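Since the structure comes first, as structure tokens, the remarks are kept for the end.
Number of protein chains: 2
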Amino acid sequence: MNFCPNCGADRIEKIIPPDDNRLRLVCQNCQTVHYRNPKIVAGVLPIYGDKVLLCKRAIEPCKGLWNVPSGYLENKESAEEGAAREVWEEALGKVEITGIHAVYSIARISQVYVHFLGNLIDGKFGIGEESLECKLFSEEEIPWSEMAFTSSTFTLRRYFADRKAGVTQTHLGNYPEEK
Amino acid sequence: MNFCPNCGADRIEKIIPPDDNRLRLVCQNCQTVHYRNPKIVAGVLPIYGDKVLLCKRAIEPCKGLWNVPSGYLENKESAEEGAAREVWEEALGKVEITGIHAVYSIARISQVYVHFLGNLIDGKFGIGEESLECKLFSEEEIPWSEMAFTSSTFTLRRYFADRKAGVTQTHLGNYPEEK
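Chains as they are written, first to last, in my numbering: chain Z, 1 to 179; chain S, 180 to 358.
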């Protein structure tokens, strides 16, 4: 932030405002405090029979690697609306969300993933504009070494473990894991 | 946003950028797209014996009404770190988080609440700067008609129902509820 979005002055400084305990971007001209907060990445693991749908990313970061369909939640969306929208945008698939599977924080980059499980309706999907390829994988077929993000690996490993154990639960995760 | 935080020009317009499908704030001078995303409100329902800890808000909005200790997640925090921090700031209590209780979206105002359950360590608490009063309530004592936010009511009702049923689960909610 070079200029104050409120008054246009180039007097943004990182200071701790009165009644606060953190460094904030504060305009020294109009005194507006410009807060910055973590982003939510919403997604669904679409399930069809014993397979799950993954997308190969057509865009950076991690172009060419596989991912659980996910993306930044937009303003005026619920978490599940955003998650279902991402499945449509990335894989042209529609899902019926069945529950929350994971809340996975990456504090270093101020992201919180919210991953749902959902049934891929009629098993139908295509290839969205942000994807090079979309494909249903059985557990044995998952390309573990070609996953884009640790959030997807986290979600997939726990999904298959839960399925074996016959349970559904919501997992709390962090990167790095020992955090 | 009156001025571009990047170049300082007063030429911010709401347009749909190329390769996008939503209106964004775009600087017509430097072409920077300024994204806006929902905020995460993280909190914990602190539990001690058969009681839960609530805080009476000392600040607007909803000053004087009761709330599950919660607040905006900060950059570089995990969801559970932010949630535990809020219990400390609002009630001077320390919690051991035991699980995710609710993910509750209020799409209209672009907020997603993430509420955890946690054990209030040693039953100790005080009154944080943002609170007028902090108090342990049994189910019968909850001031239902004096709750600040629907997210707290959602979390409390489901907590007591789960406790009666002897289950722990993660609840997905929206305001308004019929959404």
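Every residue gets a Cβ at the ideal spot worked out from N, C-alpha and C, and that includes glycine. In this text, all values refer to a predicted model and were calculated from it rather than measured experimentally.
Residue pairing for His350 of chain S: DSSP places it in a beta bridge opposite S:Ala281. Residue environment: Arg11 of chain Z is assigned as exposed (fewer than 16 neighbouring CB atoms within 10 Å of its CB, all protein chains considered). Exposed is the label assigned to Met180 of chain S, since fewer than 16 other Cβ atoms lie within 10 Å of its Cβ.
A direct Cα-to-Cα measurement between Lys193 of chain S and Glu130 of chain Z gives close to 23 Å. Here Lys39 of chain Z is buried: its Cβ has 16 or more other Cβ atoms, across all protein chains shown, within 10 Å. Counting only the Cα atoms, Thr32 of chain Z lies some 46 Å from Trp144 of chain Z. CA-to-CA, the gap between Glu74 of chain Z and Val41 of chain Z works out to about 9 Å. The region 41 to 84 of chain Z contains, as complete beta strand (DSSP E) runs of 3+ residues, the segments 51 to 57 and 70 to 72 (chain order). Along the region 61 to 92 of chain Z, going in chain order, the ones with a CB nearer than 9 Å to a CB of chain S are Tyr72, Leu73, Glu74, Asn75, Lys76, Glu77, Ser78, Ala79, Glu80, Glu81, Gly82 and Glu89.
For Cys4 of chain Z, the chain S residues whose Cβ falls inside 7 Å of its Cβ are Phe182, in order along the chain. For His34 of chain Z, the closest of Z:Asn21, Z:Gly118, Z:Pro5 and Z:Arg85 by C-alpha to C-alpha distance is Z:Pro5.
For the 8 Å CB-CB criterion, Leu335 of chain S and Ile226 of chain S do not form a contact. Against chain S, a Cβ distance below 7 Å from Thr170 of chain Z picks out Ile279 and Thr349.
Taking the beta carbon of Ile40 of chain Z as reference, the chain S residues within 8 Å of it are Asn216, Pro217, Ile219 and Val291, listed in sequence order. Residue-level contact check: Asp10 of chain Z touches chain S, since one or more beta carbons of chain S fall below 8 Å from its beta carbon.
If you draw a straight line from the Cα of Gly307 of chain S to the Cα of Pro248 of chain S, it comes to about 10 Å. Between Tyr338 of chain S and Leu224 of chain S, the C-beta spacing is below 8 Å.
Among the residues of chain S, none has a CB under 7 Å from the CB of Ser151 of chain Z; the nearest is roughly 13 Å distant. For Arg24 of chain Z, the enclosing beta strand (DSSP E) starts and ends at Arg24 to Cys27. Contact between Leu351 of chain S and Ile100 of chain Z holds: CB atoms are separated by about 6 Å, below the 8 Å threshold. For Asn37 of chain Z, the CB contacts under 8 Å within the same chain, skipping 5 residues up- and downstream, are Ser110 in chain order.
Rounded to whole angstroms, the separation of the alpha carbons of Thr153 of chain Z and Ala340 of chain S is 33 Å.
For Ser324 of chain S, the closest Cβ of chain Z is not nearer than 8 Å. Within the same chain, Lys193, Ile194 and Ile195 come within 7 Å of Leu202 of chain S by CB-CB distance, once the 5 residues on both sides are set aside.
With respect to chain S, the C-beta atom of Asn174 of chain Z has a partner C-beta closer than 8 Å. Of the residues S:Lys303, S:Ala281 and S:Arg287, the one whose Cα lies closest to the Cα of Thr347 of chain S is S:Ala281. CA-to-CA, the gap between Trp88 of chain Z and Ser105 of chain Z works out to about 24 Å. Shown here, Tyr292 of chain S sits in a strand according to DSSP, grouped into three states.
With its beta carbon at least 8 Å from every one in chain S, Arg24 of chain Z lies outside the interface.
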